[in-house]
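Visitor:
Here's what the structure looks like:
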């Protein structure tokens, strides 16, 4: 009889190679996943670092409010006389024909009272004695030829009228009339001016 051959070592060698390959593949996959995970984490970290932080609601800059327009200033004469009662002279405005008192802008190099007296002469032909200090002031809405109406503060100087010229600078453009003080307060176009005339009449009649 022939002696039995010893089992071949090849199968075990083959199994060993197969196991090594399998282990190598598993290690490669695990390494790839680990690299991919690291890369993804790095990208997320980079994206988070590059993103700009949004300002909080209370830190958002707000536009500043526009400054209010400063009121313009004018001067006016309050012409008065005594007959059997206290009377005020009113003049008509050139454009709207409202009843007002002579007024205009301050004049460079002249006091406000002198400027008011000049306005009374040019708008109504009045001559007389004007107070150096204003009796009071009123505010009205001045409507320019262009643009929106703007507030205007007027300092009023009492003018005791001596006489009226037959003609004056603006005699073709305005009408004038003497009226009792209480009626003048009622018919002037500006309510604050009406209240000022009433105070003046009360003071003169006290």
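In the numbering used here, the protein residues as written are 1115 to 1320. Backbone N, C-alpha and C define an ideal beta-carbon position, used for all residues, glycine too. Computed from a predicted structure; not experimentally measured.
Would you list the one or two residues that DSSP bridges to residue 1257?
Guide: According to DSSP, which records beta bridges pairwise, residue 1257 is partnered with nothing at all.
Visitor: Taking just the CA atoms, how far does residue 1190 sit from residue 1261?
Guide: Taking the straight line from one Cα to the other gives about 24 Å.
Visitor: Alpha carbon to alpha carbon, what distance is there between residue 1203 and residue 1298?
Guide: 8 Å
Visitor: Sorted by chain position, which residues of the same chain lie with C-beta nearer than 8 Å to residue 1306's C-beta, five sequence neighbours on each side aside?
Guide: 1252, 1253 and 1254
Visitor: Flag this pair as touching only if the stretch 1236-1248 and the stretch 1272-1281 have three or more C-beta atom pairs under 8 Å; answer yes or no.
Guide: yes
Visitor: Going straight from the alpha carbon of residue 1288 to that of residue 1232, what length do you get?
Guide: 16 Å
Visitor: Rounding to the nearest angstrom, what Cα-Cα distance links residue 1312 and residue 1296 in this structure?
Guide: Roughly 6 Å between the two C-alpha positions.
Visitor: Determine the burial state of residue 1316: buried for a count of at least 16 other Cβ atoms within 10 Å of its Cβ, exposed for fewer.
Guide: exposed
Visitor: Got a sec, what are the start and stop residues for the beta strand (DSSP E) residue 1305 sits in?
Guide: Note, residue 1305: premise wrong, no beta strand (DSSP E); alpha helix (DSSP H) at 1305-1318.
Visitor: Taking the straight line between their C-alpha atoms, what separation do you get for residue 1193 and residue 1248?
Guide: 13 Å
Visitor: Please say whether residue 1272 and residue 1304 have beta carbons closer to each other than 8 Å?
Guide: no
Visitor: From the DSSP output, which residues share a beta bridge with residue 1189?
Guide: 1218 and 1269
Visitor: Alpha carbon to alpha carbon, how far is residue 1320 from residue 1187? Give it in angstroms, no decimals.
Guide: 30 Å
Visitor: Cα separation between residue 1318 and residue 1225?
Guide: One C-alpha to the other measures close to 25 Å.
Visitor: What is the rounded straight-line gap between the Cα of residue 1171 and the Cα of residue 1308?
Guide: Only weak support exists for where residue 1171 lies, its pLDDT of 48 falling under 50; the value from the coordinates is given anyway. Roughly 51 Å separates the two Cα atoms.
Visitor: Are the CB atoms of residue 1292 and residue 1201 within a distance shorter than 8 Å?
Guide: Yes. Within cutoff.
Visitor: Tell me, to the nearest whole angstrom, how far the beta carbon of residue 1234 is from that of residue 1220; I am working on the premise that it is less than 8 Å.
Guide: Actually they do not touch by this definition, with Cβ atoms about 15 Å apart.
Visitor: Check the C-beta distance from residue 1236 over to residue 1284 and give it rounded, since I have them as a contact under 8 Å.
Guide: 6 Å
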